[in-house]
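**Q** Position one of the sequence shown corresponds to residue 4 (our numbering), numbered consecutively onward.
Built from N, CA and C at the ideal position, the CB exists for glycine as well.
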Amino acid sequence: MFDFTVYNNTRNGMKKLIFLVVIGFAAWYYHENHGFEFLYDFDINDYRITDKYRS
């Protein structure tokens, strides 16, 4: 008999792994082509948000 629970868990694990690889590659590709500008913008926005909550 074929154990379907193991098969399903393996398939979900592979989906997660592929998803992470795709996200990682996209982030690396974006970084290679655009540098850190988007991180800089994100930090400024993040700081504004935290500043609002502080006051």
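What separation, rounded to the nearest whole angstrom, lies between the Cα atoms of K18 and A29?
**A** Computed Cα separation, rounded: 16 Å.
**Q** Within a Cβ cutoff of 8 Å, which residues of the same chain sit near N12, ignoring the five residues on either side of it in sequence?
**A** So no residue of the chain qualifies.
**Q** Quick check: what's the CA-CA separation for W31 versus L20?
**A** Each residue's Cα considered, the two are about 16 Å apart.
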